[in-house]
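J.: Count the sequence shown with mature numbering (1 follows the signal peptide of the UniProt record, and there is no 0) and you get residues -20 to -1, 1 to 563, in order.
Positions of the beta carbon are idealized from the N, C-alpha and C atoms, including for glycine.
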Amino acid sequence: MRGVLLSLLAVAALPRAAHCQTADPLKYIPPAAQLIIKIEKPRQLLESAFKLPLYDQAMKLNTLQRALDTADFRKFRDLVSYFEKELGKPWPELVDELAGGGLALGVRYADAGTDNPTMLVMQSRNEETLKKFLIKLVDIFKQEQERQGGKSQVESKNLEGFEAYQLDEKIVLVRDGSVLFALNQQKLIAPVIDHVKKLHASPNLESMANHPGVTKSRQLLPKNPDAWFWFDLAWAKTLEGAKGILEQPRNDPIPTFVFAGLLDLGRRSELISGALTSSSEGYDFTLRLPAGYEHRGMDTILHLPKEVPASYSIPSLHPKNTLYSHAFYLDLAAFYNEREKIFNKEVSKNLADFQKQVSKVLPSASFEKLMNSTGPIHQVVIAYSDKKPYKTEPNQKIPPGAYIVPLRDKEASRNFEALVRAGGFLASTQVPLKMSEETYAGAKLLIYRFDETKPFPNNGDPENIRFNFAPTFVDLGDKLLFSSTTDLARELIDLNKAAPASSSSAGYENMSMEFNAEGGAALIAADPQAVKIQLILSQALREAEAQKEAELLIKYVRNLGVLRINTVYYPNDFRMNFRWILK
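#1: Please name the residue, chosen from A47, L78, G93, L543, that lies closest to H306 on a Cα-to-Cα basis.
#2: On a Cα-Cα basis, can you pick out the residue from Q410, S408, Y428 that is closest to E417?
#3: Hey, how far is the Cα of E140 from the Cα of S182?
#4: Whole-angstrom Cβ separation of Q376 and E443, contact assumed at under 8 Å?
#5: Quick check: what's the CA-CA separation for G39 versus N496?
#6: Let me know the alpha helix (DSSP H) ranges lying completely inside the region 63 to 138, each 4 residues or longer, listed in chain order.
#7: Give the secondary structure of Y549 by DSSP, where H, G and I count as helix, E and B as strand, and everything else as coil.
#8: Our contact map puts M415 next to G403 with C-beta atoms below 8 Å; I'd like the distance itself, whole angstroms only.
#9: In chain order, what residues of the same chain have a beta carbon less than 8 Å from the beta carbon of Q1, not counting five sequence neighbours either side?
#10: Measuring CB to CB, does K7 end up less than 9 Å from L163?
#11: Cβ of L269 within 9 Å of Cβ of Y263?
#12: In chain order, what residues of the same chain lie with their CB nearer than 8 Å to the CB of L331, ignoring the 5 residues before and after it?
#13: Go through its chain and collect everything with a Cβ distance to W560's Cβ below 6 Å, but skip five positions before and after it.
#14: Please state whether DSSP places S293 in a helix, a strand or coil.
#15: Taking only the alpha-carbon atoms, compute the straight-line gap between T43 and L503 and give it to the nearest angstrom.
#16: Got a sec, what are the start and stop residues for the beta strand (DSSP E) Q24 sits in?
#17: Within a Cβ cutoff of 7 Å, which residues of the same chain sit near D95, ignoring the five residues on either side of it in sequence?
#18: Looking only at its own chain, which residues have a Cβ that is under 6 Å from the Cβ of A(-11), when we skip the five neighbours before and after it?
#19: With a floor of 3 residues, list each beta strand (DSSP E) that falls wholly inside the region 230 to 315, ordered by position along the chain.
#20: Less than 9 Å between the beta carbons of Q359 and Y383, yes or no?
#21: Less than 9 Å between the beta carbons of A90 and D212, yes or no?
#22: Quick one: what's got a C-beta closer than 8 Å to L67's C-beta in the same chain, skipping five residues either side?
#23: Which residues share a DSSP beta bridge with A423?
#24: Quick test of your reading: Y309 and I357, contact by CB under 8 Å. State the CB separation rounded to the nearest angstrom.
#25: Hey, could you find the ends of the beta strand (DSSP E) R155 is sitting in?
#26: Pick out whichever of L267, E149, F161 has its Cα sitting closest to the Cα of A207.
#27: Please return the same chain residues whose Cβ sits closer than 6 Å to the Cβ of D244, not counting the five positions on each side in sequence.
#28: For T452, name the three-state secondary structure that DSSP assigns.
#29: Rounded to the nearest angstrom, what separates I151 and S132 at their Cα positions?
#30: Taking the alpha-carbon positions, what's the T236 to G499 distance?
#31: Could you give the DSSP three-state label for T47: helix, strand or coil?
#32: List the DSSP bridge partners of T354.
#33: If F453 and F462 are in contact, beta carbons under 8 Å, what's the gap, nearest whole angstrom?
#34: Quick check on V511: buried or exposed, where buried means 16 or more other Cβ atoms within 10 Å of its Cβ?
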């Protein structure tokens, strides 16, 4: 039954009309919530999705049509049509009138195994439309309960002058003029009604609208978002287990190695907030915390320089048909040299013992030297290529990828080359592998290729997966390039000589990531026959139908555009930005 209620309220949240000056729905939520989600512009947010060319393309896909052909989706669609007919307006206008003043959700977390006290508030811009909607909503709820074979539990109530409906043993709906709110627990009714009565007498009553955390959250976020949220990190840090993961130094080196910067932000922040904004180009979502690179912990030197520039954009690589590109700051030298300050004594000793053992088997340098020889800016890229590394084709094609690590000195290049040669020699004693060298654009390439004339030992590669790879090592002077194919290595050598791509950043950008659908579309289009066969087998399509569906699918994937993610530090705040740019 709760699913029905959510569907019905979703109809109201599918866009604004005139009634009177609307109040902030957050005023109705008492100041005890630990999570707030607010949709400022329901109509704009929904229409931005439905008006996208991508939406029309998606609805033409037989794959999606089949996925949506479910009883729940048909029921939801029928509900929308029902309200449009009964209230005499199309859904965009209904959303505008029913939820044009905004939707707000407040949650206070309870003990495990119990429901979290939750309040949903909808601010209407047309009270008469809201009255009609509420009557129809309650009628549908009654019918649904009776349809399921039970007696309707819906009960009309007058709660100290407020129109209310008890829908089941937990959920209650209450209307206060142009405001409708829902509660999920009986024990919430009395305190919320008391709060609303006081609100009428004192409009500036303490509530989530003027809560200090929410106020600070709004100051961090961009202006006029479509939707936003606030979460009480101060409460979350009191939970069991939070102290162990946030404290410094930690007992576990892995979270520090991977997430030191983020964990430090969580340790120093009392809240986390986020905002979603739509535009004709796509969507922007940002996560923000009120702590930056000032007053940071010692372990953050893994992910930030000791002296942080006010402005820096991390360079990234984008070869043709890029699927994935990632650039990040990771100072391995700091990880090793400052281990006694970052970790506790036991972890620090274990790292020292580990380096002693590893150094025994390294051919030309100690583990300590290798850690100190690499720079902090690392780059990873995966891209589709139509070039074949071998005449023999693998049964499962894997797109080539590469990793670029910066160097602090020339000796480091020689040490890594010795490691690669030693590793290649050992591998050649186990599998049919040949080494060769070549020079391209002034760079020396060390190439390893699998012998196509010899079988893989013990029939260990029946799918010929190895023929996706021609591992290539390149000394770029101030960087080392490790590529899974020689062709990608050559392309990256050319890109390295050109000016590196970077995003625009006013703060210090220490990570950027990009997923590009163009490369995905190229990967799918490279083997249309396989796509067509899969569609025929999975959906029982005729060949002509499968051909058309494959073409639509490739076009749809291509138009998904680019998803860009980056993290940016400022002196006193941090931002993780997600930008989805549609083609």
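T.: With the given structure in hand:
#1: Looking from the CA of H306, the closest CA among A47, L78, G93, L543 belongs to L543.
#2: Restricting attention to Q410, S408, Y428, the CA atom closest to the CA of E417 is found in Y428.
#3: Spanning the alpha carbons of E140 and S182 requires a straight line of approximately 18 Å.
#4: So it is a contact: roughly 6 Å between Cβ atoms.
#5: The question names Gly, but residue 39 in the sequence shown is Met. If I take the Cα positions, the gap works out to 22 Å.
#6: List check, alpha helix (DSSP H) in window: 71 to 79, 107 to 127.
#7: The answer is strand: DSSP assigns Y549 an E or B state.
#8: Contact between M415 and G403 fails: their C-beta atoms lie close to 11 Å from each other, not under 8 Å.
#9: Bear in mind that the predicted position of Q1 carries a pLDDT of just 41, short of 50, making it unreliable; the figure below should be weighed with that in mind. In its own chain, leaving out the 5 sequence neighbours on each side, no residue places its CB closer than 8 Å to the CB of Q1.
#10: In this structure, L163 does not lie closer than 9 Å to K7 by Cβ.
#11: No, Cβ-Cβ distance for L269 and Y263 is not below 9 Å.
#12: Same-chain partners within the cutoff: P233, Y316, R319, F323.
#13: Contacts found: G262, Y263, L543.
#14: Assigned with DSSP and collapsed to three states, S293 falls in coil, not helix or strand.
#15: Each residue's Cα considered, the two are about 19 Å apart.
#16: Taken as a continuous stretch (DSSP letters only), Q24 belongs to no beta strand (DSSP E), being part of the alpha helix (DSSP H) at 22 to 30.
#17: Only N164, Q165 meet the Cβ criterion.
#18: The pLDDT assigned to A(-11) is 47, lower than 50, so where the model puts this residue is not dependable; a value taken from the coordinates is nonetheless given after this. Closer than 6 Å at the Cβ level, and outside the excluded window around A(-11), lies no residue.
#19: The qualifying runs are 251 to 258, 262 to 269, 302 to 309.
#20: Against a cut-off of 9 Å, the Cβ pair of Y383 and Q359 comes out as a contact.
#21: Not in contact: A90 and D212 (Cβ atoms no closer than 9 Å).
#22: The beta carbon of L67 sits closer than 8 Å to the beta carbons of L74, T109, K112, F113, K116 from its chain, once the five residues preceding and following it are set aside; these are given in chain order.
#23: The beta-bridge partner set that DSSP reports for A423 consists of Y420.
#24: Contact flag correct, Cβ pair sits at about 6 Å.
#25: From DSSP, the beta strand (DSSP E) with R155 extends over 152 to 156.
#26: The residue with the shortest Cα to Cα distance from A207 is L267.
#27: If we look at D244 and ignore the five residues flanking it on each side, its Cβ neighbours are R276, G277, T280.
#28: Strand.
#29: Each residue's CA atom was taken as its position, placing I151 and S132 some 14 Å apart.
#30: Cα to Cα, T236 sits roughly 33 Å from G499.
#31: Rather than Thr, the amino acid found at residue 47 in this sequence is Ala. DSSP, read as helix, strand or coil, puts A47 in helix.
#32: In the DSSP secondary-structure assignment, T354 is bridged to L387.
#33: Your pair F453 and F462 checks out as a contact, with CB atoms roughly 6 Å apart and the cut at 8 Å.
#34: Counting the other Cβ atoms within 10 Å of the Cβ of V511 gives 16 or more, which makes it buried.
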